[in-house]
Amino acid sequence: MRAIGTWSASLAATAVVGAGSYLWLDRPVAQMAYAYHAYQGTFATLTYIPEPLAPLACVAFFAAGLWVLSGRPLAHVGTVAVLTSISVLVTEITKSELKYVFGRTWPETFVQNNPSFIRDGVYGFNFFHGGAGYGSFPSGHTAAICALVSVPWIMLPKGRPLYALAVAAVVVGLIGADFHFISDMIAGAFLGTSIGWMTVAFWRLKA
350 MRAIGTWSAS LAATAVVGAG SYLWLDRPVA QMAYAYHAYQ GTFATLTYIP EPLAPLACVA
410 FFAAGLWVLS GRPLAHVGTV AVLTSISVLV TEITKSELKY VFGRTWPETF VQNNPSFIRD
470 GVYGFNFFHG GAGYGSFPSG HTAAICALVS VPWIMLPKGR PLYALAVAAV VVGLIGADFH
530 FISDMIAGAF LGTSIGWMTV AFWRLKA
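Per the working numbering, residue 350 is the first one in the sequence shown, and the count goes up by one each step.
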């Protein structure tokens, strides 16, 4: 199967699994997480992992760019760092646009007195609504960590157990802190992984 066929099948699977989660998993899992609200701070700590990724990606990109402009070759690890930076930054922009498109309300009330499932019983999508209270879908944290690991997953495969652990830590944190619905994370994982994969595919065109 060509790569586009694999990607299309993955998109379809993401849509089906995400829809199933929306119908049957998201609400009970959010309620379960809320029942253990006393542990929210502990789980929230894990969600901090992706937060510095976009600034670090900018630094890595410009550092590598200056290195190349000085006439020095870029090692394989440097190439991976550049491609990972591009993946993270494109994901950061894309997820923000998608949040606006889908306008999904959050599991809990976190910001600007936002309507939420736990407090208000509000659940669903409000397309093109905009605003901080309508940005649950897709999960930006999940997208960011998947954008980070998807490039080295392909180009530095020996580290795959570590990459999987990083993703698992963020996902567990998001679920336990009740920051996102399961379907938000499914969509975020697909988004970040897709962009990382596409970034590597662009780079390989040079051959």
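We put the CB at the ideal spot given by N, CA and C, even for glycine.
Which residue's Cα is closest to the Cα of residue 449: 364, 425 and 485? Sorting 364, 425 and 485 by C-alpha distance to the C-alpha of residue 449 places 485 at the top.
Is DSSP giving residue 509 helix, strand or coil here? The three-state reading of DSSP puts residue 509 in helix, counting H, G and I together.
Examine the Cβ distances between the stretch 459-476 and the stretch 502-521 and report whether three or more of them are shorter than 8 Å. Segments in contact, no.
Rounded to whole angstroms, what's the CA-CA distance from residue 489 to residue 523? Just pull it up for me. Each residue's alpha carbon lies about 11 Å from the other.
Reduced DSSP secondary structure (H/G/I, E/B, other) of residue 477: In the displayed model, residue 477 falls within coil according to three-state DSSP, outside both helix and strand.
Which stretch, first to last residue, makes up the alpha helix (DSSP H) that contains residue 432? Counting along the chain, the alpha helix (DSSP H) containing residue 432 begins and ends at 425-451.
For residue 455, which beta-bridge partners are listed by DSSP? In the DSSP output, where bridge partners are listed per residue, residue 455 has 465.
Please report the residue range of the alpha helix (DSSP H) in which residue 383 lies. It spans 375-384 - the alpha helix (DSSP H) in which residue 383 sits, taken as one unbroken run.
Closest to residue 491 by C-alpha separation, out of 441, 421 and 470, would be which residue? Nearest of 441, 421 and 470 to residue 491, Cα basis: 441.
I need the boundaries of the alpha helix (DSSP H) containing residue 490, first residue and last residue. Taken as a continuous stretch (DSSP letters only), the alpha helix (DSSP H) holding residue 490 covers 489-504.
For a test of the three-state rule: what should DSSP assign to residue 471, helix, strand or coil? When secondary structure is reduced to three states using DSSP, residue 471 falls in the coil class, being assigned neither helix nor strand.
Which whole-angstrom value is the C-beta distance of residue 544 and residue 443, which I expect to be below 8 Å? Separation of the CB atoms of residue 544 and residue 443 is rounded to 7 Å, and the pair is thereby assigned contact status at 8 Å.
Please report the Cβ distance between residue 434 and residue 410, rounded to the nearest whole angstrom; I am assuming they are in contact, meaning their Cβ atoms lie under 8 Å. The C-beta distance from residue 434 to residue 410 rounds to 4 Å, short enough to fall under 8 Å.
Under 8 Å between C-beta atoms of residue 481 and residue 460: Yes; because the gap between Cβ atoms is below 8 Å, this pair is in contact.
Count the other CB atoms, across all protein chains shown, that sit within 10 Å of the CB of residue 456; report buried if there are 16 or more and exposed otherwise. By the 16-neighbour rule on beta-carbons within 10 angstroms, residue 456 is buried.
Reduced DSSP secondary structure (H/G/I, E/B, other) of residue 414: In this structure, residue 414 counts as helix in the three-state DSSP scheme.
Assign residue 399 to one of two classes, buried (16 or more other C-beta atoms within 10 Å of its C-beta) or exposed (fewer than that). A buried status is given to residue 399, since no fewer than 16 other beta-carbon atoms sit within 10 Å of its beta-carbon.
Could you pull out every residue in the same chain whose Cβ sits closer than 6 Å to the Cβ of residue 389, ignoring the five residues on either side in sequence? Here the set comprises 526.
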